[in-house]
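Participant: Quick note, this note's numbering runs 196 ahead of the 1-based positions in the sequence shown.
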Amino acid sequence: MNLLDKFHNWRRKLRWNKQYRKGRWDNLRNPIEAERYQTIINFIKSYGKAQPSILDLGAGEGVLNEYITPEVFSYFLGMDFSAVSIQKAKTKNFPKAEFVTADIHNYTPKQKFDVIIFNEAFYYVHESEKQNVLDRMLAHLTDDGVLIVSIYREGIGCWEYFDKLKQLDFTTVKTDEEKTYWKIGAYKLQMLNARF
Ligand SMILES: C[S@@+](CC[C@H](N)C(=O)[O-])C[C@H]1O[C@@H](n2cnc3c(N)ncnc32)[C@H](O)[C@@H]1O
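Structure, rendered in structure tokens:
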């Protein structure tokens, strides 16, 4: 990112903090969103190893943790660049879970994870950084690990980044509202892919 992009990214972070402070994202807890979280959890259970470690990128207030039961995983790390959302997540004291404030553009996980989730976050990654960020996260996925991606509506300019991976599953979570839907994919590394 150039200097101007970094400035806009910083402004966006302030905006997210303001919105989280005002409760603008409380709607993520609406029943209409429940099937989206449930689909992510089903993918974890179906394609992840037993009791995986999980990295949730763009975790916000930890809404996924409100749906996932702790016996499903061994460790959960949620990251988000909004310090306000991370603080809210921390106060909930989810078992086996930690939350860190970090910007996805320069965040390098300290360990490998069995499941990595771009949870309504990949489209916020700057265009020039999408491949770098994806490669960095894939380098922190265990060999038999699973990448799960949830994207609102069509995700134009996003899905093609996952083409080189082996698709395990792909589904559209629909609602009664025609324009409210999410596409969710589960992927693993191609074993022949020498890059990782
Ligand atoms: C639509 S919310 C989804 C929150 C959460 N994943 C969920 O589904 O409940 C998108 C999240 O991405 C975060 N985000 C946006 N840009 C980010 C960045 N550059 N680094 C880290 N997090 C970012 C926002 O702060 C926000 O919490």
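We treat Cβ as the ideally placed atom computed from N, Cα and C, and that holds for glycine.
Tell me whether His301 counts as near ligand 1, meaning its Cβ is closer than 8 Å to at least one heavy atom of that ligand.
Facilitator: Under cutoff, so the answer is yes.
Participant: What three-state label does DSSP hand Glu294 in the structure shown?
Facilitator: Correct three-state label for Glu294: strand.
Participant: So for Thr265, helix, strand or coil by DSSP?
Facilitator: Here Thr265 sits in coil by DSSP.
Participant: Using CA coordinates, which residue listed in Glu267, Lys370, Arg208, Gly381 is at the minimum distance from Ile228?
Facilitator: Lys370
Participant: In three-state DSSP terms, what is Gln307?
Facilitator: coil
Participant: Given that a residue counts as buried once 16 or more other Cβ atoms are within 10 Å of its Cβ, and exposed if not, what is Pro266?
Facilitator: Exposed: under 16 other Cβ atoms inside 10 Å.
Participant: Given this structure, state the Cα-to-Cα distance separating Lys360 from Gln386, to the nearest angstrom.
Facilitator: 8 Å
Participant: State buried or exposed for Gly219, treating a residue as buried only when at least 16 other CB atoms are found within 10 Å of its CB.
Facilitator: exposed
Participant: How would you call Glu257, buried or exposed, if buried means at least 16 neighbouring beta carbons within 10 angstroms?
Facilitator: So Glu257 counts as buried.
Participant: Mapping DSSP to helix, strand and coil, what is Ser346?
Facilitator: strand
Participant: Does the beta-carbon of Asn238, which I'm using as the reference point, lie nearer than 8 Å to any heavy atom of ligand 1?
Facilitator: no
Participant: My guess is that Phe318 and Val345 are in contact by the Cβ rule of under 8 Å, so how many angstroms apart are they, rounded?
Facilitator: 6 Å
Participant: So, with DSSP's three-state summary, where would you put Thr235?
Facilitator: helix
Participant: Please find out if some non-hydrogen atom of ligand 1 comes closer than 8 Å to the beta-carbon of Met197.
Facilitator: no
Participant: In or out: Asn378 buried (at least 16 other Cβ within 10 Å) or exposed?
Facilitator: Note on identity: in this sequence residue 378 is Trp, with Asn being the wrong assignment. Trp378 counts as buried, since at least 16 other C-beta atoms from the protein chains shown sit within 10 angstroms of its C-beta.
Participant: Could you tell me whether the region 307-316 touches the region 243-259, where touching means 3 or more Cβ pairs closer than 8 Å?
Facilitator: They touch, by the three-pair rule.
Participant: Sorted by chain position, which residues of the same chain lie with C-beta nearer than 8 Å to Ala279's C-beta, five sequence neighbours on each side aside?
Facilitator: Sequence-distant Cβ neighbours of Ala279 in its own chain, meaning closer than 8 Å and more than five residues away, are Asn213, Thr297.
Participant: Would Phe295 be called buried (16 or more neighbouring beta carbons within 10 Å of its own) or exposed?
Facilitator: buried
Participant: By the three-class DSSP mapping on this structure, what secondary structure does Leu224 have?
Facilitator: helix
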